[in-house]
Amino acid sequence: MKAKKFDKKFEAGEDMTDDLNFSKARRLNQGTKRVNIDFPAWVVEKLDKQSKRLGITRQALIKVWIAKKLKEAV
């Protein structure tokens, strides 16, 4: 489908789900890069306790906290 037709359907508020291939969708600037970090055992224990209380993984907790701090720093 040409971009003009796509834009016209979008602006008309039409259902576009059949026109999109979600298997190839990607979020720009959302690439990941793996980092390794060592924490003292007591920090890991507290992270685990907090993540369990919130019902999320340790990794998710760390990501949320770091992202929040970075946004506050701007």
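Using our numbering, the first residue of the sequence shown is number 91, and each one after it goes up by one.
Built from N, CA and C at the ideal position, the CB exists for glycine as well.
Since the model is a prediction, treat every value here as computed from it, not as a measurement.
DSSP places D128 outside both helix and strand once states are collapsed to three, so it counts as coil. With a cut-off of 8 angstroms on Cβ pairs, the stretch 108-115 is not in contact with the stretch 123-134, counting fewer than three such pairs.
Between the alpha carbons of E101 and V133 lies a distance of about 50 angstroms. Going by C-alpha positions, K139 is about 23 angstroms away from L160.
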